[in-house]
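Data block below; observations after.
Numbering (our numbering), first residue to last: 334 to 464.
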């Protein structure tokens with residue numbers, strides 16, 4: 334049994350299998366999952382686990398070079414955007430329309446569904462290399 338880090342076996346394998354520029358998505362409870370994309374459903378009830386809680390743990394284990402967010406978060410969920418900025422640090426942040434975000438999520442290796450119930454609490458993480 335793992336002693337620390339992400340215990341979810343699907344997420345642990347997903348992160349281990351990522352190559353440079355591969356993408357994964359962490360989404361709120363309402364984000365649609367396109368056909369053909371693996372869904373890792375962590376949602377227990379509305380709000381649990383939170384988007385930020387899941388993002389924080391994934392970022393501890395994943396080398397990220399860029400993140401993609403829906404531009405609507407700037408107006409409709411400023412507090413979540415502030416929390417995201419604190420976690421992603423100096424990584425490049427790209428903003429796209431929510432419709433473009435949903436389309437881009439179809440390129441993700443997987444979408445991790447959280448119990449988050451606030452608008453536009455979704456992020457695409459693009460993998461970097463560790464060297």
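Beta carbons are placed, not taken as given, at the ideal position from N, Cα and C, and that holds for glycine.
Computed from a prediction, not measured in an experiment: that's the story for all the values here.
For the alpha helix (DSSP H) that residue 361 lies in, which residues bound it at each end?
Numbered from its first residue, the chain shown carries residue 361 at position 28. Element bounds for residue 361: n/a, residue is neither H nor E.
Under three-state DSSP, which class holds residue 344?
Here residue 344 refers to the residue found at position 11 of the chain shown. In the structure shown, residue 344 sits in a helix (DSSP, three-state: H, G or I).
For my contact list, residue 357 and residue 447 are in at a C-beta cut-off of 8 Å; report their separation, rounded to the angstrom.
The residue you call residue 357 lines up with position 24 of the chain shown. The residue you call residue 447 lines up with position 114 of the chain shown. Contact doesn't hold; Cβ gap of about 13 Å is too wide.
Using only the alpha-carbon positions, how far apart do residue 354 and residue 388 sit?
Your numbering for residue 354 matches position 21 in the chain shown. Your numbering for residue 388 matches position 55 in the chain shown. Distance from the CA atom of residue 354 to the CA atom of residue 388, rounded to whole angstroms, is 18 Å.
Does the segment 456 to 464 come close enough to the segment 388 to 402 to have 3 or more Cβ pairs within less than 8 Å?
yes
Under 8 Å by Cβ, that's how I've got residue 364 and residue 442 pegged, so tell me the actual separation to the nearest angstrom.
For the purposes of this step, residue 364 is identified with residue 31 of the chain shown, where counting begins at 1. For the purposes of this step, residue 442 is identified with residue 109 of the chain shown, where counting begins at 1. Not quite, the Cβ-Cβ distance comes to about 15 Å (not below 8 Å), so this is no contact.
Go through its chain and collect everything with a Cβ distance to residue 368's Cβ below 6 Å, but skip five positions before and after it.
The count along the chain shown starts at 1 and reaches residue 368 at position 35. Same-chain partners within the cutoff: there are none.
Report yes or no: do three or more beta-carbon pairs, one from the segment 336 to 350 and one from the segment 413 to 430, lie closer than 8 Å?
no
Could you pull out every unbroken alpha helix (DSSP H) segment of at least 4 residues lying fully inside the segment 393 to 445, listed in chain order?
406 to 409, 411 to 421 and 431 to 438
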